[in-house]
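Some notes on the structure that comes next.
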Amino acid sequence: MNILSVTNLSIDYVGATSVFHAVKNVSFDIAPGEFFGLAGESGCGKSTIAFAISRLHRPPALIRTGSSIEVDGRDVLALDDDELRRFRWREVAMVFQSAMNSLNPVLTIENQFYDVLNTHTGMSRPAARDRAAELLELVDIPTDRLSAYPHQLSGGMRQRIVIAICLALSPKLIIMDEPTTALDVVVQREILQRIDKLRHKLGFSVLFITHDLALMVQVSDRIGIMLEGELVEVNDAQTIYRAPQHDYTRKLWAAMPRLHGAQTAQDAVR
Amino acid sequence: MPLLSQLLQNKKAMVGVVILAFIILVAVFAPFLSEYSPTQRVGRPHQPPSLDHWLGTTRLGHDVFTRLIHGARVSLAVGFGAGLMIALIGTVLGILAGYKGGVIDEVINFFTNLVLVIPNLPLLLVIAAFVGQASPLIIAVILGLTSWAWGVRVTRSETLSIRQRDYVKSAEMLGEPSWRIMAFEIFPNLISIVGINFIGSVIFAVITEATLEFLGLGDPNTVSWGIMLYNAQNASALSVGAWWDLLSPCFALTLLGLSLALINFAIDEVANPRLRTGSMLGRWKRMVRVGEGKL
Amino acid sequence: MAFLLRRLVFYLAAFIAAATINFFLPRLMPGDPIQIMFSGAGSNLSMENLNALKLTFGFIDAPIGQQYLAYMQSVFTGDLGRSIKYYPLPVTELLGRALIWTLGLVGSATIVSFVLGTLLGVMAAWRRGTLFDTVVSLLAIFSSSVPGVVISLTMLFVFGYTLGWFPNGYAADPMLDPEFGWTYILSVLHHGALPMFTMVVLLTGGFAVTMRNNMINLLGEDYIVMGRAKGLGENQVMLWYAARNALLPTVSSLAISVGTILGGSLVIEVVFNYPGLGNTLYQAILARDYPVIQGQLLIMTSAMLVSNFVVDLSYVLLDPRLKKA
Chain X
96 MNILSVTNLS
106 IDYVGATSVF
116 HAVKNVSFDI
126 APGEFFGLAG
136 ESGCGKSTIA
146 FAISRLHRPP
156 ALIRTGSSIE
166 VDGRDVLALD
176 DDELRRFRWR
186 EVAMVFQSAM
196 NSLNPVLTIE
206 NQFYDVLNTH
216 TGMSRPAARD
226 RAAELLELVD
236 IPTDRLSAYP
246 HQLSGGMRQR
256 IVIAICLALS
266 PKLIIMDEPT
276 TALDVVVQRE
286 ILQRIDKLRH
296 KLGFSVLFIT
306 HDLALMVQVS
316 DRIGIMLEGE
326 LVEVNDAQTI
336 YRAPQHDYTR
346 KLWAAMPRLH
356 GAQTAQDAVR
Chain Y
195 MPLLSQLLQN
205 KKAMVGVVIL
215 AFIILVAVFA
225 PFLSEYSPTQ
235 RVGRPHQPPS
245 LDHWLGTTRL
255 GHDVFTRLIH
265 GARVSLAVGF
275 GAGLMIALIG
285 TVLGILAGYK
295 GGVIDEVINF
305 FTNLVLVIPN
315 LPLLLVIAAF
325 VGQASPLIIA
335 VILGLTSWAW
345 GVRVTRSETL
355 SIRQRDYVKS
365 AEMLGEPSWR
375 IMAFEIFPNL
385 ISIVGINFIG
395 SVIFAVITEA
405 TLEFLGLGDP
415 NTVSWGIMLY
425 NAQNASALSV
435 GAWWDLLSPC
445 FALTLLGLSL
455 ALINFAIDEV
465 ANPRLRTGSM
475 LGRWKRMVRV
485 GEGKL
Chain L
55 MAFLLRRLVF
65 YLAAFIAAAT
75 INFFLPRLMP
85 GDPIQIMFSG
95 AGSNLSMENL
105 NALKLTFGFI
115 DAPIGQQYLA
125 YMQSVFTGDL
135 GRSIKYYPLP
145 VTELLGRALI
155 WTLGLVGSAT
165 IVSFVLGTLL
175 GVMAAWRRGT
185 LFDTVVSLLA
195 IFSSSVPGVV
205 ISLTMLFVFG
215 YTLGWFPNGY
225 AADPMLDPEF
235 GWTYILSVLH
245 HGALPMFTMV
255 VLLTGGFAVT
265 MRNNMINLLG
275 EDYIVMGRAK
285 GLGENQVMLW
295 YAARNALLPT
305 VSSLAISVGT
315 ILGGSLVIEV
325 VFNYPGLGNT
335 LYQAILARDY
345 PVIQGQLLIM
355 TSAMLVSNFV
365 VDLSYVLLDP
375 RLKKA
């Protein structure tokens with residue numbers, strides 16, 4: 096059974112006089128433990144899809160009837176408010192684009208773990224603190240940081256803490272929306288390696304969203320390419336890299352500067 | 195101008211403008227709307243509203259309706275006059291402080307904070323007490339000279355965020371003189387803030403003038419809504435049951451305040467789409483109701 | 055810490071500014087400043103008493119610099135002179151009594167309005183686009199564009215005269231002796247209800263709009279979305295993620311509105327004949343009791359400064375980002 100099954104997903108932004116079709120009839124699946132990358136330029140709809148999986152959209156966004164989103168066989172679009180609340184973070188967790196702003200500025204790190212642990216499992220404070228320490232260890236953050244506030248920590252640390260909070264309820268799918276764009280390349284690599292290690296250890300799937308195709312090829316199992324709301328190509332990473340099928344995918348590769356002079360000349364001919 | 199056309203389509207703005215226009219027209223045509231003079235004794239004291247006197251008479255036998263429509267002139271004049279002064283000083287100082295920065299900013303900021311921290315009405319009262327019976331003109335001047343602080347703050351913070359923008363930087367590179375940049379690059383982008391500041395200042399001026407006159411600091415010979423309140427209060431209008439004497443200027447002030455507030459609210463909505471209330475989601479709601487989609 | 059110290063220095067400067075205004079006002083008006091200041095005295099005061107008063111206010115036979123210093127000395131030693139109307143009652147005592155009544159009225163009204171207004175603002179922002187939001191926003195805007203005078207008079211008319219639910223003036227039944235007995239306290243509460251209610255009507259709107267706008271400005275922030283994504287309850291996100299953060303700018307705007315609050319209370323006290331600072335100032339103006347008038351300005355400015363400082367303190371407590379400093 097696929098962890099995520101998206102079928103005929105269409106999402107519109109409804110304006111006063113016109114409608115913007117952000118996502119047009121997109122279908123793809125993610126298998127358990129798979130690392131799936133969704134690539135495309137800004138505004139192509141990849142973040143819109145990410146938000147839709149946990150149904151985090153607000154008006155004027157609208158998920159059109161006929162769309163289907165299933166997580167581990169469960170119809171996400173059919174969940175009522177209570178079920179949805181319980182579903183969130185337990186089944187699907189999310190890392191947002193700038194972790195700098197993902198943490199509530201007025202809560203200590205400990206409280207940011209406590210509120211989600213307590214709400215979902217009724218854990219007491221001491222138990223939550225232990226669990227939080229456990230999770231921080233997974234991302235190599237010293238436990239004394241529990242009493243700190245977000246602004247007292249560096250960007251990289253905050254990002255790792257968000258990842259740790261994501262793992263709190265052992266979700267089946269973690270969505271990462273451009274998690275490393277705001278960080279330098281060294282930290283980027285570190286974080287991706289860490290995610291990979293955790294993935295192999297804990298077995299969750301990853302939906303990884305970025306505009307950086309080259310980065311994605313290094314870490315993903317399969318990749319989907321989006322263009323203006325449509326999914327134009329889905330394939331395993333190596334095929335996307337060596338033998339892109341769709342015109343747009345080829346253009347994406349061609350747009351990237353290469354380090355090897357001879358190959359550049361060859362690509363230009365292609 | 196996109197701002198203006200959007201405003202004209204805004205219901206709240208329209209209602210506000212219509213009411214305001216109505217009040218202005220009444221004020222302008224006051225002498226033609228009533229056969230009485232506002233300062234002459236034309237009836238018996240404290241007569242209830244009747245066909246002869248639509249809003250009754252005051253304790254001195256003046257026609258309340260006539261005084262009301264003539265009073266509109268003074269309240270509007272002081273309101274807009276002082277409001278203009280307040281907004282002007284506030285905007286100029288705010289742009290100067292925000293754009294120039296450095297010492298100019300420090301100095302303006304310091305004095306603005308100082309003025310802000312001294313309570314407004316008590317200060318005005320003390321000044322008015324020393325001035326004696328203040329005519330509406332003097333009241334307007336005093337208001338203009340003391341109440342600009344809030345506008346400076348707001349304008350300054352907007353200017354600070356605008357001054358980093360590309361078109362300002364490029365104008366600086368081209369060597370445009372400061373005053374030109376402030377007037378032609380920065381100011382046009384502050385229009386909605388300045389507009390809100392202006393109308394807010396007018397509201398403030400109208401309210402404060404009425405309050406000062408109510409407290410007996412105005413010239414009792416003026417015909418204005420504030421003085422009407424003052425006279426009614428002194429005549430113990432409420433205790434003797436002459437409610438029309440007191441509630442007429444109350445109603446007029448409320449109406450004027452409401453119309454200005456609506457206009458201000460509308461400007462804010464148009465300029466700040468995020469702060470909008472209701473109605474923008476009509477189409478979306480319909481689609482959800484019909485079952486075309488969900489969140 | 056440095057933050058608080060800077061604020062204290064500023065407040066000191068503001069206080070000196072107010073005293074300076076006091077010093078120059080009579081001297082800037084046309085005519086003899088001494089005549090203006092003590093015109094209300096008439097034959098009330100003996101020569102020596104008058105001279106003592108002159109000294110307090112710096113009207114000595116010396117250059118203006120020394121006059122200024124003399125006045126400042128009086129102010130900083132707590133000598134605000136004596137009331138001309140109620141001679142020889144010291145201004146500080148007169149104002150001190152009135153201050154208690156004003157604190158009761160303004161204090162309770164501000165707390166109630168702040169809590170009520172903030173809650174309404176939070177709910178209006180959370181339910182943005184609904185009828186609730188539109189109604190609350192419009193009502194709030196209206197209540198701040200109508201003069202306090204008008205609201206007070208209308209309240210008095212409806213609830214005091216027409217419906218007769220509340221008395222028409224004074225802090226308590228004039229027939230009763232002030233004491234800490236039950237009858238007196240009940241009378242105080244009964245008399246204070248309408249002025250306080252009027253003040254709440256006057257202030258709530260402003261707080262509601264401020265909180266609403268502050269909330270809306272941060273509703274797009276990532277941590278709000280993350281709060282919802284975490285599966286936390288709507289109310290929990292609304293209160294602990296949104297409102298708790300929007301509270302910071304709202305509290306700082308509270309500091310600024312203290313001036314308006316004092317002004318509003320002044321008008322309400324006059325309309326309801328409530329013996330607070332505002333009414334005392336008003337009576338002093340009618341009697342041209344300038345020592346009291348000037349003392350008022352200082353006391354009210356001090357009230358502003360103290361409440362600003364209290365807000366500064368709570369800001370430091372509320373915002374973890376300031377704690378580090």
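Residue numbers (this note's numbering), protein chains in the order written: chain X, 96 to 365; chain Y, 195 to 489; chain L, 55 to 379.
All C-beta atoms in this analysis are idealised placements derived from N, C-alpha and C, irrespective of residue type, glycine included.
{"Asked": "Distance CB(X/V118)-CB(X/T143) smaller than 7 Å", "Found": "yes"}
{"Asked": "Cβ-based contacts, 7 Å cut-off: residues of the segment 449 to 464 of chain Y near chain L", "Found": "G451, L452, L454, A455 and F459"}
{"Asked": "Buried/exposed call for L/L302, threshold 16 Cβ in 10 Å", "Found": "buried"}
{"Asked": "Under 9 Å (Cβ pairs) to chain L, residues found in the segment 317 to 335 of chain Y", "Found": "L317, L318, L319, V320, I321, A322, A323, F324, V325 and G326"}
{"Asked": "Alpha-carbon spacing of Y/W419 relative to L/A194, whole angstroms", "Found": "24 Å"}
{"Asked": "Boundaries (first-last residue) of the alpha helix (DSSP H) holding X/T203", "Found": "Looking at the DSSP string, X/T203 is not in any alpha helix (DSSP H), and its letter there is neither H nor E."}
{"Asked": "Cross-chain neighbours of L/I90 in chain Y, by beta carbon under 8 Å", "Found": "F324"}
{"Asked": "Local conformation of X/S219 per DSSP, three classes", "Found": "coil"}
{"Asked": "Whole-angstrom distance between Y/W478 and X/V114, CA atom to CA atom", "Found": "10 Å"}
{"Asked": "Whole runs of the beta strand (DSSP E) within the segment 330 to 362 of chain Y, excluding any shorter than 3 residues", "Found": "none"}
{"Asked": "Under 8 Å from the C-beta of Y/T251: neighbouring residues of chain L", "Found": "Chain L residues near Y/T251: none, gap ~19 Å exceeds 8 Å."}
{"Asked": "CB contact check: X/F115 to chain Y, cutoff 7 Å", "Found": "no"}
{"Asked": "Through-space distance from L/L359 to L/Y65, alpha-carbon basis", "Found": "6 Å"}
{"Asked": "Own chain partners of X/S122 with C-beta closer than 8 Å, once the 5 adjacent residues on each side are dropped", "Found": "V101, T102, N103, L104 and L326"}
{"Asked": "Per-residue contacts from X/T160 into chain Y (C-beta, under 7 Å)", "Found": "G485, E486 and G487"}
{"Asked": "Residue interval of the beta strand (DSSP E) (run including X/F115)", "Found": "V114 to I125"}
{"Asked": "Selection from X/R185, X/R159, X/V280 and X/H152 that minimises the alpha carbon distance to X/P266", "Found": "X/R185"}
{"Asked": "Extent of the continuous beta strand (DSSP E) to which X/N103 belongs", "Found": "L99 to V109"}
{"Asked": "Whether L/F220 touches L/L257 by CB criterion (7 Å)", "Found": "no"}
{"Asked": "Nearest-angstrom Cα separation, counted from X/T275 out to X/S197", "Found": "13 Å"}
{"Asked": "Proximity test, Cβ basis, 7 Å: Y/I298 and chain L", "Found": "no"}
{"Asked": "One or two residues paired with X/F303 in a DSSP bridge", "Found": "X/G132 and X/M271"}
{"Asked": "Within chain Y, the residues that X/A156 reaches when beta carbons sit closer than 8 Å", "Found": "L489"}
{"Asked": "Contact check, L/L351 vs Y/V320, beta carbons under 7 Å", "Found": "yes"}
{"Asked": "Chain L contact residues for X/T214, given Cβ-Cβ distances below 9 Å", "Found": "K284, G285, L286, G287 and Q290"}
{"Asked": "Contact with chain Y by X/R280, beta-carbon distance below 7 Å", "Found": "With the sequence shown as reference, residue 280 of chain X is identified as Val, and Arg is not the correct amino acid for it. Closer than 7 Å: no."}
{"Asked": "Contacts that L/Y125 makes with chain Y (C-beta to C-beta distance below 8 Å)", "Found": "Simply none; closest approach about 15 Å."}
{"Asked": "Beta-carbon proximity list for Y/F381, same chain, < 7 Å, skipping 5 on both sides", "Found": "I289"}
{"Asked": "Anticipated Cβ contact below 8 Å, L/G112 with L/F77, distance rounded", "Found": "6 Å"}
{"Asked": "Beta-carbon spacing of Y/E407, Y/V272 below 7 Å", "Found": "no"}
{"Asked": "At least 3 beta-carbon pairs within less than 8 Å: the segment 362 to 377 of chain L vs the segment 296 to 313 of chain L", "Found": "yes"}
{"Asked": "Minimum Cβ-Cβ distance from X/M189 to chain L less than 7 Å", "Found": "yes"}
{"Asked": "Members of the segment 200 to 232 of chain X that neighbour chain L once the beta carbon cut-off is set at 7 Å", "Found": "P200, V201, D210, V211, T214 and H215"}
{"Asked": "Classification of Y/K205 by the beta-carbon crowding that lies within 10 angstroms, buried from 16 upward", "Found": "exposed"}
{"Asked": "Given 8 Å, three or more beta-carbon pairs between the segment 352 to 368 of chain Y and the segment 433 to 445 of chain Y", "Found": "no"}
{"Asked": "Exposed unless 16 or more other CB atoms sit within 10 angstroms - verdict on L/W236", "Found": "exposed"}
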